[in-house]
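Student:
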Amino acid sequence: MKSIRMILLAVASLVVNLLMAQHYIPTDEGSEVKFRIKNFGVAVSGGFTGLKGSITFESGKLNDCHFDVTVTSSSLNTGIGLRDKHLKKEDYFNVDKYPLIEIKSTKITNANKEGWLYFYGTLTLKGVTKEISFPFQVKEQNGGYQFNGEFKMNRRDYGVGGNSFSLSDNLTVVLNVFAKKM
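Numbering (the working numbering), first residue to last: -17 to 164.
#1: Just reading off the beta strand (DSSP E) that D66 is part of, what are its end residues?
#2: From the DSSP output, which residues share a beta bridge with N21?
#3: Could you check how far apart the C-beta atoms of S57 and F17 are, in whole angstroms? I think they sit under 8 angstroms.
#4: Taking 7 angstroms as the threshold (C-beta atoms), are S87 and F118 in contact?
#5: Quick check: the Cα distance between G12 and E122, rounded to an integer number of angstroms?
#6: Per DSSP, which one or two residues make a beta bridge with V77?
#7: Given a cut-off of 7 angstroms on the beta-carbon distance, is the pair K112 and G141 in contact?
#8: Ordered along the chain, which non-local residues of its own chain (more than five positions away) have a Cβ less than 6 angstroms from that of V26?
#9: Could you check which residue in A93, G103 and V15 has the C-alpha nearest to that of T60?
#10: Opposite G103 in the DSSP bridges: which residues?
#11: What are the start and end residues of the beta strand (DSSP E) that includes T38?
#12: Starting from L157, follow its DSSP beta bridges and name the residues at the other end.
#13: State yes or no: is the C-beta of P8 within less than 7 angstroms of the C-beta of G28?
#14: Around the Cβ of F147, are there at least 16 other Cβ atoms within 10 angstroms (buried) or fewer (exposed)?
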């Protein structure tokens, strides 16, 4: 009888913890997903929209935090239509075959600076999944949270374009994501 009470208490505790976790959805409004890369030595930037997914976040319970967010690859915009059309083709983003770019956390930890955390997880781009990690800042804002961070990556690791004399292999991804409460 005592063991049944303990099991029921454990289950009830788990349910309460799950219900207390704060769930958020990322929105395009107030968000930017951008990249910076050099082409012929000149900085080029672009971005994506179509944010979707879920974020579970509670600053005091980092073990319960989880990010699973996508952007629509066909939303690629560099400000130059002809370049965008070229980048959406098979040799770069292949948006018809791979409509989503996904970032998913495996662990969130404290960083060494106040208001900063560290993201460990995966980036899936063009069917290739690789581990990534980076520091990010969290700010409460308008009933939700603003998550800001950036990381460097090699585009060729994901099969985005081939060997190029003009286009740098390395780029910076900048994430400024606003998430509102569900």
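Just so it is clear, CB atoms sit at the ideal spot from N, CA and C, and this is done for glycine as well.
Nothing here was measured: the structure is a model prediction, and the numbers come from that model.
Tutor: This is what the structure holds:
#1: Reading the sequence shown from its first residue, position 84 is the one you call residue 66. Careful: D66 lies outside any beta strand (DSSP E), inside the alpha helix (DSSP H) at G63 to L69.
#2: Reading the sequence shown from its first residue, position 39 is the one you call residue 21. DSSP lists V24 and L149 as the bridge partner or partners of N21.
#3: As a first step, residue 57 must be located in the sequence shown, where it is residue number 75. As a first step, residue 17 must be located in the sequence shown, where it is residue number 35. A Cβ-Cβ separation of about 13 angstroms leaves S57 out of contact with F17 under the 8 angstroms criterion.
#4: Along the sequence shown, one-based indexing puts residue 118 at 136. Along the sequence shown, one-based indexing puts residue 87 at 105. Not in contact: F118 and S87 (Cβ atoms no closer than 7 angstroms).
#5: In the sequence shown, residue 12 corresponds to position 30, counting from 1. In the sequence shown, residue 122 corresponds to position 140, counting from 1. When rounded, the distance between both Cα atoms is 13 angstroms.
#6: If you number the sequence shown from 1, residue 77 lands on position 95. Under DSSP, V77 forms no beta bridge with any residue.
#7: Sequence index remark: in the sequence shown, residue 112 carries index 130 (1-based). Sequence index remark: in the sequence shown, residue 141 carries index 159 (1-based). With a cutoff of 7 angstroms on beta-carbon distance, K112 and G141 are scored as not near each other.
#8: Here residue 26 corresponds to residue number 44 of the sequence shown, with the count starting at 1. Cβ within range, chain order: I19.
#9: Taking the sequence shown and counting its residues from 1, the one referred to as residue 60 is at position 78. Taking the Cα of T60 as reference, the smallest distance to any Cα among A93, G103 and V15 is reached at V15.
#10: What you label residue 103 is simply residue 121 of the sequence shown in a count that begins at 1. DSSP lists S87 and I114 as partners of G103.
#11: In the sequence shown, the residue the question calls residue 38 occupies position 56. Element bounds for T38: K34 to T38.
#12: As a position in the sequence shown, residue 157 is number 175, starting the count at 1. Bridge partners of L157: V15 and G131.
#13: As a first step, residue 8 is located in the sequence shown; it is residue number 26 there, counting from the start. As a first step, residue 28 is located in the sequence shown; it is residue number 46 there, counting from the start. Contact: no.
#14: As a working mapping, residue 147 is identified with position 165 in the sequence shown. Classification of F147: exposed, given that the 10 Å Cβ count is below 16.
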